[in-house]
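Quick note on numbering that gives the first Met the number 0: the sequence shown kicks off at 0 and runs consecutively.
Beta carbons are placed, not taken as given, at the ideal position from N, Cα and C, and that holds for glycine.
Presented below is the structure to which this report refers.
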Amino acid sequence: MNVAMLTLVLLLSLSAILLLLFEKSRMDEKVIAVTATLGAVAAIARIPFSVIPNVQPTTFLVMLTGYVFGLRVGFLTGVIAAVLSNMYLGQGPWTIWQMFAWGLSGVSGGLLSRFFESKKSRGAGQLLATRGRRFLFIAVCTIWGFLFDWIMNFWMFLGLGFLSWQSFVALNVKSLAFDIAHSVGNFIFASMFAAAFAKIFVRYHQKLIVTRLFSKEGSG
0 MNVAMLTLVL LLSLSAILLL LFEKSRMDEK VIAVTATLGA VAAIARIPFS
50 VIPNVQPTTF LVMLTGYVFG LRVGFLTGVI AAVLSNMYLG QGPWTIWQMF
100 AWGLSGVSGG LLSRFFESKK SRGAGQLLAT RGRRFLFIAV CTIWGFLFDW
150 IMNFWMFLGL GFLSWQSFVA LNVKSLAFDI AHSVGNFIFA SMFAAAFAKI
200 FVRYHQKLIV TRLFSKEGSG
């Protein structure tokens, strides 16, 4: 088994373990439905932008989903977005890497929210309400343009058998223009839409919480 295949198997195993852990966390049907919807939205949003090399709003949407709905939903939204969009754009061994990369971007959004949003702002549904938090979100989202592409470059590096430091550097240099395009696209989408979309996502998140509370009271 070559290095590329071994890494792919390990990545599949890790993704399966993460999905199993999320399954054990007992997501109810409403959360599952919301996650599937958000994943579909992120996937559909990618398709029209496929004519522009490496520019799409999917990374931004997945990260914002994690920021508002949490690590678990953010990760699963990234996984779903990769699978669904590639049904149109083309499936292949790269899909699992995209699932993993977008899933991690969703997790990073959840971690940002967890560490930098106060309990008060969470309770009031005022996420990304301050300039500092918006700036931080935009900055990390911009960085994810490079991180995502570096993960995908690593898959190409393994798949093509370029197992040397020089070839890996050369691959990243060749992809730099595309990496910058992804990063700039993320910056534009986050700068223009993060605050407005956060309000929409928060509204749905609050409705979801209220619905779950009523369901628990009714079952009790």
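Judged by beta-carbon spacing, valine 54 lies beyond the 9 Å limit of alanine 41, meaning their Cβ atoms are not closer than that value. Taking a C-beta distance under 9 Å as the contact criterion, asparagine 85 and threonine 76 do not qualify as a contact pair. Out of Ala180, Leu162, Ser166 and Lys118, the CA that lies nearest to the CA of aspartate 148 is found in Ala180. The region 102 to 113 makes no contact with the region 159 to 178; the number of CB pairs closer than 8 Å stays below 3.
Straight-line measurement puts the Cα of phenylalanine 136 at about 19 Å from the Cα of arginine 202. The distance from the Cβ of valine 30 to that of valine 67 is about 13 Å, inconsistent with a contact at the 8 Å cut-off.
The shortest CA-to-CA distance from alanine 39 to any of Ile187, Val168 and Val78 is the one to Val78. The beta carbon of serine 190 is closer than 7 Å to those of Ile137 in its chain, skipping five residues each way along the sequence. Contact between tryptophan 96 and isoleucine 142 does not hold, since the beta-carbon distance rounds to 18 Å and is not under 8 Å.
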